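Novice:
There are 2 protein chains.
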Amino acid sequence: MDTEERLRDILQRLQKDGHRMTPQRVAILRAFLSAQDHPTVEQVYRRVCRDFPMTSLATVYKTVALLKEMGEVIEISGDLQGSRYDAFHPEPHPHLICTRCGQIYDGEGVDVQPVVAALQAQSAFQVSTYRLDLYGVCAACQAQSG
Amino acid sequence: MDTEERLRDILQRLQKDGHRMTPQRVAILRAFLSAQDHPTVEQVYRRVCRDFPMTSLATVYKTVALLKEMGEVIEISGDLQGSRYDAFHPEPHPHLICTRCGQIYDGEGVDVQPVVAALQAQSAFQVSTYRLDLYGVCAACQAQSG
DNA sequence: CTTCCTGCAAAGTCTTTGCAGCACC
DNA sequence: GGTGCTGCAAAGACTTTGCAGGAAG
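Chains F and A supply the protein sequences, listed in that same order.
Per my numbering, residue 1 is the first one in the first sequence, and the count goes up by one each step.
Per my numbering, residue 147 is the first one in the second sequence, and the count goes up by one each step.
See the structure below:
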């Protein structure tokens, strides 16, 4: 499903729940859905402002809350300079966080489910989601300075 | 190594680095080292105050920073009501976070290293640490309300 | 028209910082 | 005694909230 298709789907679901479709909301949704770089709220806000200057940070926050509720965005890493969000792959998956440049990459090709399942079995927890973040230095930063 | 032994070891290392050993610091260290429940800074502060009322929150924060630097404490879950800390098992390990009662349990008996290693290999990252948090409902809360 | 949404500003939380005086070494 | 530490209070970063006016349905 591409970004525009998802956008239409989400807007439809919002309407069904009695929510409205304002230009700000659409712009914010589009910015989130198309962002592949795990942006902060601040970053989304700035992107939206480029195309649609009449938007406030508060509205972006309110929209994130909505998207989180709908499961269309996940929050990752509550660390430096604010939480970051992933609406591009809203299913839980590993992230690789570069402590040098702050960039966040998606961890791909490794199945985490077995570990999650094992922990769940061991603990009698009813696990609903997980977060796996690896911290380190990305290839680019390694090349730059050893 | 038990708590008191670790305490002595840490104090020794602090002194070697030109740091001092004040009653507050010792009390805070002891509270952190003996806490098995992943407390917040606020909780540690309250515990220290019981035995040693002349302590400020700022000092607890400063001491956490010191302990983090020394690798004697790890920060887990920057979620609701402040970061929580684990000085009892300061090596990275999975945590099971109950979204109902807020309790944090240690995930035991499952080796996460292979997954971390696989992700590291795949990504050309130089991974230094990781964080694996599972969110769900603990056994106690399940029993309580389905 | 009604209800939800927006934007502003204020408040709230958690954490950090500046600084004067005190206490460890 | 010198330097680091403490406690206070203020500042800071991020996020949430209250509210009046405006807009979607």
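C-beta atoms are modelled at their ideal positions from N, C-alpha and C, and glycine is treated no differently.
Quick caveat: nothing in here was measured; it's all calculated off a predicted structure.
Looking at the C-beta of Q113(F), does it have a partner C-beta in chain A at a distance below 8 Å?
Specialist: Not one chain A Cβ lies under 8 Å of Q113(F).
Novice: Between V64(F) and L57(F), what straight-line distance do the alpha-carbon atoms span, to the nearest angstrom?
Specialist: Cα to Cα, V64(F) sits roughly 11 Å from L57(F).
Novice: Can you tell me whether H165(A) is buried or exposed, with buried defined as 16 or more other CB within 10 angstroms of its CB?
Specialist: The residue is exposed, with fewer than 16 neighbouring Cβ atoms inside 10 Å.
Novice: Closer than 8 Å, CB to CB, is F104(A) near chain F or not?
Specialist: A query on residue 104(A) cannot be resolved here, the shown segment of chain A reaching from 147 to 292 and no further.
Novice: Taking the C-alpha atoms as reference points, what is the distance between T40(F) and L278(A)?
Specialist: About 21 Å.
Novice: Using a Cβ-Cβ distance under 8 Å, would Q142(F) count as near chain A?
Specialist: Answer yes: the Cβ-Cβ gap between Q142(F) and chain A drops below 8 Å somewhere.
Novice: Which runs of the alpha helix (DSSP H) fall wholly inside the stretch 182 to 216 of chain A and span at least 4 residues, in chain order?
Specialist: Here the runs fully enclosed are 187 to 197, 203 to 216.
Novice: Output the distance between the C-alpha atoms of L242(A) and T129(F), rounded to the nearest integer angstrom.
Specialist: For L242(A) and T129(F), the distance between alpha carbons rounds to 10 Å.
Novice: DSSP on A149(A), reduced to helix/strand/coil?
Specialist: The identity of residue 149(A) in the sequence shown is Thr, whereas the question assumes Ala. Three-state DSSP puts T149(A) in a helix.
Novice: Can a CB atom of chain F be found closer than 8 Å to the CB of S274(A)?
Specialist: Yes, S274(A) lies at the interface with chain F (some Cβ there is under 8 Å from its Cβ).
Novice: Among residues of its own chain, excluding the 5 on either side of A173(A), which ones have a beta-carbon nearer than 8 Å to its beta-carbon?
Specialist: Closer than 8 Å at the Cβ level, and outside the excluded window around A173(A), lie V194, D197, F198, T201.
Novice: Listed from N- to C-terminal order along the chain, which residues in the stretch 186 to 207 of chain A have their beta-carbon within a distance smaller than 8 Å of any beta-carbon of chain F?
Specialist: So nothing in the stretch comes that close.
Novice: In or out: R13(F) buried (at least 16 other Cβ within 10 Å) or exposed?
Specialist: Counting Cβ neighbours within 10 Å, R13(F) comes out exposed, since fewer than 16 surround it.
Novice: What's the call for A121(F), buried or exposed, on a 16-neighbour Cβ count within 10 Å?
Specialist: Answer is exposed; the Cβ neighbour count stays below 16.
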